[in-house]
Amino acid sequence: MAASGDGSVTGGTVPLARGEGLAAWRQIADGLSADIEAGRIAAGAQLPTEAALAARFGVNRHTVRRALAVLAGRGMVRATQGRGTFVEAPPLAYPIGRRTRFSEIVSRAGREAWGDLVAAAAVPADPGTAEALGLAPGAPVLELLTIHRADGTPLSTARTCLPLPRFSGFERAYAARGSLTRAYAEYGVGDYTRLSTRIGARAAAADEAARLEIAPGRVLIVLASVNVDGAGTRIQATRSLFAADRVELVVEG
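Using my numbering, you'd call the opening residue of the sequence shown number 55 and step up by one each time.
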């Protein structure tokens, strides 16, 4: 296989070995894996449809689907509903320091950054959120559920809480700007810094996996962070879930 000029994958492939004890789906997965690792299929390239691959290898679509599931489990491809299956890009170096900005980090890597607002609601602060923001338990906060993308690929999904009434209507600014930093500017917050970051890991639940376009059970990096404004006031408590094989955290001194 080879990548065409538009990023899709074209061309023939090596016929499957029959009657040698190696399952067809395994041969397909190993062959595609070898092509990806050797660069014959480029990062970001779109694989042919299941039907096209089935015809090429002389197998049924179920066999192809199983092979692609194996590659997705290895973090080599990403299936996007309604768009197709794409080769994953190399992990993005993601610095964690006093000024951690998703948009800046992604842009410096030469990729396009954007944040999608999934949901927003005013809710009473749970004890953990209240402590992080220096509020009384039950104080009103604005809760945002977001997805953060690089060139359309979801890198992370997050639950962010902001104190009310200071940030009333912030969800509209975020939805329009696709960035916390740009939305903060509309509220007079010209700069903000990281007060604390806690890093953990766990498996992805089904709803989290769906937002990140990964298989349930894949490893997530969990970042719990608190940001303060220029006056040192706590303005943001976020719990971010990163697809572990899409980023490489770099902790700065």
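Even glycine gets a Cβ: it sits at the ideal position worked out from N, Cα and C.
Please read these numbers as outputs of a predicted model, since none were measured by experiment.
Cβ of alanine 298 within 8 Å of Cβ of leucine 277? no
Assuming leucine 295 and isoleucine 253 form a contact by the criterion Cβ under 8 Å, report the distance between their Cβ atoms to the nearest whole angstrom. Not a contact, Cβ separation roughly 12 Å.
According to DSSP, proline 149 sits in a beta bridge with which residue or residues? Per DSSP, the beta bridge partners of proline 149 are Val304.
Beta-carbon gap between leucine 196 and alanine 174 smaller than 8 Å: It is a contact, given that the beta carbons lie within the stated cut-off.
Own chain residues within Cβ distance below 6 Å of proline 181, not counting five before or after: Pro191
Which one of Ile201, Glu267, Thr139 and Ala257 has the shortest CA to CA distance from leucine 171? Ile201
Inspect the beta-carbon positions of tyrosine 228 and leucine 266 and report whether they are closer than 8 Å. It is not a contact, given that the beta carbons lie outside the stated cut-off.
Using DSSP with H/G/I as helix, E/B as strand and the rest coil, what is leucine 196? strand
Proline 219 by DSSP, collapsed to three states: which one? coil
For arginine 52, which residues in the same chain have their Cβ closer than 6 Å to its Cβ, ignoring the five residues on either side in sequence? Within the shown structure, residues of the chain are numbered from 55 to 307, placing residue 52 beyond reach of any answer.
Roughly how many angstroms separate the alpha carbons of leucine 70 and glutamate 142, rounded to a whole number? 25 Å
Aspartate 283 - DSSP class collapsed to helix/strand/coil: Judged by DSSP in its simplified three-state form, aspartate 283 adopts strand.
Leucine 187 and proline 217 - do their beta-carbons sit closer together than 8 Å? yes
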